[in-house]
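Chemist:
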Amino acid sequence: MDSPLPYRLSLDPRRRVAPVPRRLFGSFVEHLGRCVYTGLYEPGHPTADADGFRRDVLALVRELGVTTVRYPGGNFVSSYRWEDGVGPVDERPARLDLAWHSLETNEFGLDEFMRWVGKADVDPIMAVNLGTRGTAEAVDLLEYANHRAGSHLADQRRDNGAPDPYGIRLWCLGNEMDGPWQVGQRSATEYGRLASQTAKAMRRFDPDLELVACGSSHLGMPTFGAWERDVLTEAYDDVDLISLHAYYQPVDDDLASFLASAEDMDRYIDAVTAIADSVGAIRRSTKKIMIAFDEWNVWYQSAAPSNPPSGEDWPVAPRLLEDHYSVADAVVVGGLLISLLRHSDRVTAACQAQLVNVIAPIMTEPGGAAWRQTIFHPFARTARHAQGAVLDVLREGSTTSTDRFGEIDAVDAVSTWDDDTGEMTVFLVNRVTTAPAEVTVDVTGARLAGVIECVTIGGADLHAKNTADGPDHAEPRPNGTARGVDTGVRLTLPPASWTMLRVQATDVTP
Ligand code: AHR
1035 MDSPLPYRLS
1045 LDPRRRVAPV
1055 PRRLFGSFVE
1065 HLGRCVYTGL
1075 YEPGHPTADA
1085 DGFRRDVLAL
1095 VRELGVTTVR
1105 YPGGNFVSSY
1115 RWEDGVGPVD
1125 ERPARLDLAW
1135 HSLETNEFGL
1145 DEFMRWVGKA
1155 DVDPIMAVNL
1165 GTRGTAEAVD
1175 LLEYANHRAG
1185 SHLADQRRDN
1195 GAPDPYGIRL
1205 WCLGNEMDGP
1215 WQVGQRSATE
1225 YGRLASQTAK
1235 AMRRFDPDLE
1245 LVACGSSHLG
1255 MPTFGAWERD
1265 VLTEAYDDVD
1275 LISLHAYYQP
1285 VDDDLASFLA
1295 SAEDMDRYID
1305 AVTAIADSVG
1315 AIRRSTKKIM
1325 IAFDEWNVWY
1335 QSAAPSNPPS
1345 GEDWPVAPRL
1355 LEDHYSVADA
1365 VVVGGLLISL
1375 LRHSDRVTAA
1385 CQAQLVNVIA
1395 PIMTEPGGAA
1405 WRQTIFHPFA
1415 RTARHAQGAV
1425 LDVLREGSTT
1435 STDRFGEIDA
1445 VDAVSTWDDD
1455 TGEMTVFLVN
1465 RVTTAPAEVT
1475 VDVTGARLAG
1485 VIECVTIGGA
1495 DLHAKNTADG
1505 PDHAEPRPNG
1515 TARGVDTGVR
1525 LTLPPASWTM
1535 LRVQATDVTP
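With the first letter of the sequence shown counted as 1, position 46 gets the number 1080 in my numbering; the numbers rise by one all the way through.
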């Protein structure tokens, strides 16, 4: 191993980026593979409640600290008829799901999701179908979900057992509408007009809804940039947020670049922010479009479990996208959360995709156990301890070279500061694979009383994974190197690792 690399973080609780947006810790439930069926919902499972919801999964969702859940897709939503999923279960039609070549039984639909949301204590984000459907169906769904009573669809919801309106505030206007894989793919202008019309119609019902327009499906799309510009040119005044999606995996076994995936996320957010602001500037608008990073994760897209069935076979809830995550993947997920927090003045909602079984932190066996993947841990710790305000951290020190991003800082980091508890939390990643990092955290404008907790995942055993039989094999362990209080802390980060440092502060300068 190479000798330790020096690195310094300087922070001041008076230099703030934004309050931590609680919606940054969102997740995503799509009718895909086993996310819903045998994931959230499995009547007959030993832990199932009267609604058929797995209580073991609900407990893990609460432990994960998820705040919001996007539903029902994803690619699925672009040919979904929401009406199929409401009313008496035995009268609901089974339909072909064209996105994932599966059979959708519709046993679980909007009313089941909203009951589950209540039990999980999360807020819903609802996506409408702008692939095979349009404004009328989106407004119908809104009326069914959010109107109190006295109209056909609101009364239908009441008859279906939900007397109170759901009050869903955040709505996605379609999903990845630029993607050739999307049922109902559209051009930017076509989609921008449809999103604008649908948003206007939805706001006639409730002007205070928050509406998300689809950005490019990912940064590598050939139309990236022009798509955002053209969609916002049509819909700038009608929407509040634009969506970003990004999935990461190692390419050609290049671990160093993979560990630095947050560099890509940073650049993507900065690029979309600049494009949105340029459209706003041309319009002489004072309004700022925010970012919903409503799909992000590590996803081994080239692996076999990502391939949908084909031909005559239309299975119910097949095993799809069931990635099995390593310690290295957990380090990357921790790094992506750092990037999201760093941009919390513009990224006000984000969803790790997905919640259960499908590229997910939580796995289940039908009839069996529910367990935590490695990526569960950085998410759960960040969601719990990133409280208060995000600080503007000055980073300086050693650099490392990567094939994909060139020369980058050896250490990535962000910090939060909670005025209520006086707690400072620093999240760090050492992106260097061959050397530890010796980090000094300098604090001005406050005194530090002592280290509350310091935990690390990574370093050795980067390929380790958890399993149903060994669910706690790979998780963060105490990092005993954190020393010093008053105006600073020093700690050592093992190579290729994610760390969370919590420090108690006193005497914050006004
Ligand atoms: O999360 C899996 C899929 O990835 C979603 O259905 C789609 O929106 C994205 O391409």
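No residue lacks a Cβ here, since even glycine has one placed at the ideal position from N, Cα and C.
1. Between the beta-carbon of Val-1473 and the beta-carbon of Val-1448, is there less than 8 Å?
2. Judging by CA-CA distance, which residue of Trp-1205, Ile-1202, Ala-1179, Asn-1341 is the nearest neighbour of Ala-1196?
3. Could you compute how far the alpha carbon of Thr-1434 sits from the alpha carbon of Ala-1516?
4. With distances taken from CA atoms, which of Ser-1291, Asp-1274, Leu-1066 is nearest Phe-1439?
5. Can you tell me which of Val-1265, Val-1103, Ala-1308, Leu-1045 puts its alpha carbon nearest to the alpha carbon of Cys-1594?
6. Can you look up Val-1217 in the DSSP assignment and give me helix, strand or coil?
7. Determine the DSSP secondary structure at Val-1285, reduced to helix, strand or coil.
8. For the ligand AHR, I want to know if Gln-1407 counts as a neighbour, meaning its beta carbon is within less than 7 Å of at least one of the ligand's heavy atoms.
9. Indicate the three-state DSSP secondary structure (helix, strand or coil) for Ala-1133 in the structure shown.
10. Less than 8 Å separating the beta-carbons of Ala-1364 and His-1411?
11. List the endpoints of the continuous beta strand (DSSP E) containing Gln-1386.
12. Counting Cβ pairs closer than 8 Å, one from the segment 1457-1468 and one from the segment 1519-1530, do we hit at least three?
13. My output table needs one value for Asp-1453: the three-state DSSP class, helix, strand or coil.
14. Could you please give the first and the last residue of the uninterrupted alpha helix (DSSP H) stretch that includes Phe-1147?
15. Closest by CA to Phe-1258, which one among Leu-1243, Leu-1245, Ala-1269, Ser-1277?
16. What residues in its chain sit with their C-beta under 8 Å from that of Gln-1283, if we drop five residues either side in the sequence?
17. Using 8 Å as the cut-off, can you tell me whether the segment 1345-1356 makes contact with the segment 1489-1498, which would need three or more C-beta pairs spanning the two stretches below that distance?
18. Cβ of Asp-1288 within 8 Å of Cβ of Val-1051?
19. Go ahead and pull the three-state DSSP assignment for Ser-1251.
20. Taking only the alpha-carbon atoms, compute the straight-line gap between Thr-1398 and His-1065 and give it to the nearest angstrom.
21. Classify Met-1299: buried if its beta carbon has 16 or more other beta carbons within 10 angstroms, exposed otherwise.
22. Between which two residues does the alpha helix (DSSP H) carrying Gly-1369 extend?
23. Please give the ranges of any beta strand (DSSP E) in the segment 1297-1352, keeping only runs that are unbroken, at least 3 residues long and fully inside the region.
24. Determine the contact status of Glu-1244 and Leu-1207, defining contact as a CB-CB distance below 8 Å.
25. Hey, out of Leu-1130, Trp-1261, Gly-1119, Ala-1133, whose CA is closest to Asn-1194's CA?
26. Quick one, which of Arg-1089, Leu-1137, Pro-1158, Phe-1142 has its alpha-carbon nearest Ala-1384's?
27. Would you report the Cα separation of Val-1173 and Ser-1113, rounded to the nearest angstrom?
28. Which same chain residues end up closer than 8 Å to Pro-1505 when comparing Cβ atoms and leaving out the 5 residues on each side of it in sequence?
29. Per DSSP, what are the beta-bridge partners of Asn-1464 in this structure?
30. Would you call the CB atoms of Ala-1546 and Gly-1107 closer than 8 Å?
31. Compute the minimum distance between the beta carbon of Gly-1208 and the heavy atoms of the ligand AHR, and state whether it is under 7 Å.
32. Helix or strand or just coil, what does DSSP make of Gly-1119?
33. Quick check on the DSSP output: the beta strand (DSSP E) that includes Pro-1040 runs from which residue to which?
34. When DSSP labels each residue in this structure, what does His-1279 get in the three-state scheme?
35. Taking Phe-1239 as the reference, which of Trp-1134, Thr-1169, Arg-1536 has the closest Cα?
36. Taking C-alpha atoms, which residue in Ala-1310, Pro-1127, Val-1111, Asp-1085 lies nearest to Gly-1152?
Modeler: On the basis of the coordinates in this document:
1. Result no, Cβ atoms of Val-1473 and Val-1448 do not sit closer than 8 Å.
2. Ranking Trp-1205, Ile-1202, Ala-1179, Asn-1341 by Cα distance to Ala-1196 puts Ala-1179 first.
3. Cα-Cα distance, rounded: 23 Å.
4. Of the candidates Ser-1291, Asp-1274, Leu-1066, the one whose C-alpha sits nearest the C-alpha of Phe-1439 is Ser-1291.
5. With the chain covering 1035 to 1544 only, the question about residue 1594 has no answer from this structure.
6. Coil at Val-1217, not helix or strand.
7. Coil, per DSSP.
8. No, Cβ of Gln-1407 sits at least 7 Å from all heavy atoms of the ligand AHR.
9. Residue state, collapsed to three classes: coil.
10. Yes, these two residues count as a Cβ contact at 8 Å.
11. Membership of Gln-1386 in the beta strand (DSSP E) is indicated by the continuous run 1381-1387.
12. When Cβ pairs closer than 8 Å are counted between the two stretches, the segment 1457-1468 is seen to touch the segment 1519-1530, the count reaching three or more.
13. In this structure, Asp-1453 counts as coil in the three-state DSSP scheme.
14. Residues 1144-1154.
15. For the set Leu-1243, Leu-1245, Ala-1269, Ser-1277, the Cα lying nearest the Cα of Phe-1258 is the one of Ser-1277.
16. These residues qualify, in order along the chain: Phe-1292, Val-1332, Trp-1333, Tyr-1334, Gln-1335, Ser-1336.
17. Contact between the segment 1345-1356 and the segment 1489-1498 is absent, because fewer than three Cβ pairs lie under 8 Å.
18. Going by beta carbons, Asp-1288 and Val-1051 fall outside the 8 Å limit.
19. Ser-1251 falls in the coil class under three-state DSSP.
20. In a straight line, the C-alpha of Thr-1398 is about 16 Å away from that of His-1065.
21. The residue is buried, with at least 16 neighbouring Cβ atoms inside 10 Å.
22. For Gly-1369, the enclosing alpha helix (DSSP H) stretches over residues 1361-1376.
23. 1324-1332, all fully within the segment 1297-1352.
24. No.
25. Among Leu-1130, Trp-1261, Gly-1119, Ala-1133, the Cα nearest to that of Asn-1194 belongs to Gly-1119.
26. Ala-1384 has its Cα closest to that of Pro-1158, out of Arg-1089, Leu-1137, Pro-1158, Phe-1142.
27. Distance between the alpha carbons of Val-1173 and Ser-1113: 16 Å.
28. Within the same chain, Pro-1505 has close Cβ partners Ala-1403, Trp-1405, Arg-1406.
29. Beta-bridge analysis with DSSP links Asn-1464 to Val-1445, Ser-1531.
30. Here the chain comprises residues numbered 1035 to 1544, so residue 1546 is not present and cannot be evaluated.
31. Checking the Cβ of Gly-1208 against the ligand AHR gives no.
32. Of the three classes helix, strand and coil, the one that applies to Gly-1119 here is helix, per DSSP.
33. Looking at the DSSP string, the run of the beta strand (DSSP E) that includes Pro-1040 is 1039-1045.
34. His-1279 falls in the strand class under three-state DSSP.
35. The option with the nearest alpha carbon to Phe-1239 is Thr-1169.
36. Taking only the C-alpha atoms, the option nearest Gly-1152 is Asp-1085.
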